[in-house]
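Residue numbers (my numbering), protein chains in the order written: chain A, 19 to 312; chain B, 73 to 400. For each residue, glycine too, the CB sits at the ideal point set by N, CA and C. See below for the structure under consideration.
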Amino acid sequence: MTYFLQQLINGLQLGFVYALIALGYTMVYGIVRLINFAHGDVFMVGAYLGFFALASWRLPLPVAIIIAMVGCAALGVFIERVAYKPLRRAPRISSLITAIGVSLFLEYFTSLKFVFGPYFRAYPRPFAIRTYNLNGVTVSNIQIIVFGVAILLMVALTLFVNRTKTGMAMRAVSFDRDAAALMGINVDNIISVTFGIGAALAGAGGVLYGIAYPQINPFMGIMPGLKAFVAAVLGGIGIIPGAMLGAVIMGIVEKLTEVYISSTLRDAAAFAILIFVLLVRPTGIMGKREQEKV
Amino acid sequence: MAAGNKLRVDIGTVALLIVLGLFAVLGFLIVSGVINPYVHTILCYAGIVVISALGLNLIYGYTGQFSLGHAAFYGIGGYTAALVTRSIAAQGWWVLPLGLLAGALTAGAIALLIGLPILRLKSDYLGIATLGFGMIINVLFKNSDKLIKAMGGAAGMRGIERLTTFPWVFIFCLGAVIVLRNLVFSGVGRALISIREDELAAEAVGVNATSYKTLGFVIGCMFAGVAGGLYAHLYTYLNPDNFDFLKSIDVLLIVVIGGLGSISGTIIAGAGWAFLLEGLRVILPSAVQEWRMVVYPLVLIVIMLFRSNGIMGGSEFNFLKPQEYRRR
Chain A
19 MTYFLQQLIN GLQLGFVYAL IALGYTMVYG IVRLINFAHG DVFMVGAYLG FFALASWRLP
79 LPVAIIIAMV GCAALGVFIE RVAYKPLRRA PRISSLITAI GVSLFLEYFT SLKFVFGPYF
139 RAYPRPFAIR TYNLNGVTVS NIQIIVFGVA ILLMVALTLF VNRTKTGMAM RAVSFDRDAA
199 ALMGINVDNI ISVTFGIGAA LAGAGGVLYG IAYPQINPFM GIMPGLKAFV AAVLGGIGII
259 PGAMLGAVIM GIVEKLTEVY ISSTLRDAAA FAILIFVLLV RPTGIMGKRE QEKV
Chain B
73 MAAGNKLRVD IGTVALLIVL GLFAVLGFLI VSGVINPYVH TILCYAGIVV ISALGLNLIY
133 GYTGQFSLGH AAFYGIGGYT AALVTRSIAA QGWWVLPLGL LAGALTAGAI ALLIGLPILR
193 LKSDYLGIAT LGFGMIINVL FKNSDKLIKA MGGAAGMRGI ERLTTFPWVF IFCLGAVIVL
253 RNLVFSGVGR ALISIREDEL AAEAVGVNAT SYKTLGFVIG CMFAGVAGGL YAHLYTYLNP
313 DNFDFLKSID VLLIVVIGGL GSISGTIIAG AGWAFLLEGL RVILPSAVQE WRMVVYPLVL
373 IVIMLFRSNG IMGGSEFNFL KPQEYRRR
């Protein structure tokens, strides 16, 4: 039982990192109906920004997280302006292809030797690992930081979306873009803000991933990115609490499969659950069913 | 064909003759050794890519069913064909086609099994479900040695005979083009396109959407199965990584860049993709080699920004159309 609880906590740690990435996917999808495949690579860039902040400039962790968030937000807005905005009236698949293009570009460009380099780097830990024993279940200070930062950011995001004027505008644009424009909302700016916030969360996720699983390389974003996206779909894409729920489920399922069944089947289990959920509830766990119209 | 007193020549026949002539010239160049083995391999690879992409074009471009798991069927075809040919002790020209048939049938059967439940999903949700299916198949390939030793698991499958030659690829590629062309301009093809345009409206006029969607999906996946079989016997080595999510993305890129619902576009984009990406690997000096994959996505983005409907934008070359559809 303690072993199970222990793995549940480890799964939760993974799930919270996924959640930070999944939020960006779900917000962007909710507002422009685009699977932003480059999002996982923004997460990677965030991890590297944090790496340089911690290892080269020797900054404290909170500052490193903020640098990664600001840098990624700028990158996210830039990508949106250059690669997606011109295609807003084009078929939806076109922006999906440019998203894939941006993703490949970020991976291979950062692999060049004068950028980040193609090799693995060991992530610096700004402090020694401590573990606390609670009735046989150990929790490390790294896990506490991951939980703390992730929960803080998710609460902040929820408050921002539900309580501020910009948040209200975001919800309005995602509900009906044309009607929102008629109400005097600057749709282009709101879309940029959405990309920026999503990217900033991914950047924070990148730093947390780095200190929790301390090895990074330019291709590290592909798998977490895909799984976070799947988590967003699992929870009901476009719905913010759904992304958090889906990510936590994904993290826990993955960890439990790894320790109880087989580590090689880890990836398959998460996707099997996804297919099962989609067949039973085609719009995800918290998704609303849409009426079909001709 | 005689209109008035003038003899009209059918442009489709002319195109076929030109293609056969091209085949004869290329075949001669290969036999006489002007084309070196490496270029020969790339030529075969280009044909294989086109076959697989034509399959996805049928699924996504014509029927409108978003699939991100095409590489899984490519892999299923590859592994099945390789297992069949290695279990045949006899030699003969029929060994490869037999393997490919097995590969296509297995890919088609699995497509039927998975397609019936998941084709109920729509657009992006279907994409994610097929992506998940592709991931699961990939994990199964990596663990395959626990069930069938010869499949090699994560280490890959070795010892496949090199049976794929340019004539074989050419025959299957031409066959795929003809089959797909005749299919999409038939009544079945019209039904598939009507589902892409509006599924509910198609059902309202009596198109059985479920069975047509499944039919399109199964045939498209069988194309992938044939392509996978040819691939296996070209490179004589299969690794699960050759059939992962990124390979599904590659095929999707080709289909969209060429133009959804355009056979001509898929042929151009598929062959161009294979030649540029694989060809540049040998042509470029090693110092700029790593820039190949940096420039490639930029080209993708630029094509999409300036031609967002793909190179051919859903239209066909005249010679690929039946008479009544041709521009005069």
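Per DSSP, reduced to three states, the secondary structure at A:A108 is coil, with no helix or strand assignment.
The count of Cβ pairs closer than 8 angstroms, one atom from the stretch 77-96 of chain A and one from the stretch 239-248 of chain A, stays below three, leaving the stretches out of contact. A:P104 belongs to the set of residues whose beta carbon lies under 9 angstroms from a beta carbon in chain B. Around the CB of B:A161, fewer than 16 other CB atoms lie within 10 Å, so the residue is classed as exposed. Taken through DSSP and simplified to helix, strand or coil, A:I234 comes out as strand. Inclusion of A:I49 and A:V248 in the CB contact set at 9 angstroms is not warranted, their separation being larger than that value. Put simply, the backbone Cα of A:L130 is about 8 angstroms away from that of B:W363. Boundaries of the alpha helix (DSSP H) harbouring B:S266: G259 to E269, taken from the DSSP string.
Note: A:V155 is bridge-paired with A:L152 in the DSSP secondary-structure output. One Cα belongs to A:T176, the other to A:G185, and the distance between them is close to 9 angstroms. At a C-beta separation below 7 angstroms, B:P189 has these neighbours in chain A: L297. Per DSSP, A:V266 is one residue of the alpha helix (DSSP H) stretching across I258 to Y278. For A:F294, the enclosing alpha helix (DSSP H) has its first and last residue at R284 to V298. When secondary structure is reduced to three states using DSSP, B:L310 falls in the strand class. By the neighbour-count criterion, in which 16 or more other beta carbons inside 10 Å mark a residue as buried, B:V103 falls on the exposed side. Residues are counted here when their Cβ sits less than 9 angstroms from a Cβ of chain B; for the stretch 116-133 of chain A these are T116, I118, G119, V120, S121, L122, F123, L124, E125, Y126, F127, S129, L130 and K131, given in chain order. Residues of the stretch 28-57 of chain A whose Cβ lies closer than 7 angstroms to any Cβ of chain B, in chain order: I53. Pairwise C-beta distances place the stretch 263-278 of chain B out of contact with the stretch 219-234 of chain B, as fewer than three of them are shorter than 8 angstroms. For the pair A:G64 and A:G223, the CB atoms are nearer than the 9 angstroms cut-off. The C-alpha of A:L283 lies about 7 angstroms from the C-alpha of B:V211. Counting only Cβ-Cβ distances below 7 angstroms, A:A108 has contacts in chain B at S380, in chain order. Among the residues of chain B, none has a CB under 7 angstroms from the CB of A:S281; the nearest is roughly 11 angstroms distant.
Within the stretch 299-321 of chain B, contact with chain A at the beta-carbon level (separation under 9 angstroms) is assigned to F317, L318 and I321.
A distance below 8 angstroms between beta-carbons, with the five flanking residues on each side excluded, links B:F205 to the following residues of its chain, in chain order: G141, A144, I186 and I190. Beyond the five residues adjoining it in sequence on each side, A:Y150 comes within less than 6 angstroms, by CB distance, of V157 in the same chain, given in chain order. Of all alpha-carbon atoms in B:G99, B:L349, B:L255 and B:N108, the one lying nearest the alpha-carbon of B:I335 is that of B:L255. The beta-carbon of A:V63 is placed no less than 9 angstroms from the nearest beta-carbon of chain B. Straight through space, the alpha carbons of B:M207 and B:D316 are spaced by roughly 7 angstroms. Taken in chain order, the whole beta strand (DSSP E) runs of length 3 or more contained in the stretch 117-177 of chain A are 149-152 and 155-158. Annotation for A:F134: Y66, T128 and P236 place their beta carbon closer than 7 angstroms to its own, counting only its chain and skipping 5 residues before and after. Sequence-ordered contacts of the stretch 147-181 of chain B with chain A are nonexistent [C-beta pairs closer than 9 angstroms].
For A:Q25, the enclosing alpha helix (DSSP H) begins and ends at T20 to V50. Around the beta-carbon of B:P312, 16 or more other beta-carbon atoms lie within 10 Å, marking it buried. Assignment of A:M201 by DSSP, reduced to helix, strand and coil, places it in the coil class. DSSP links B:M229 through a beta bridge to B:L310. Your pair A:L252 and A:V295 checks out as a contact, with CB atoms roughly 6 angstroms apart and the cut at 8 angstroms.
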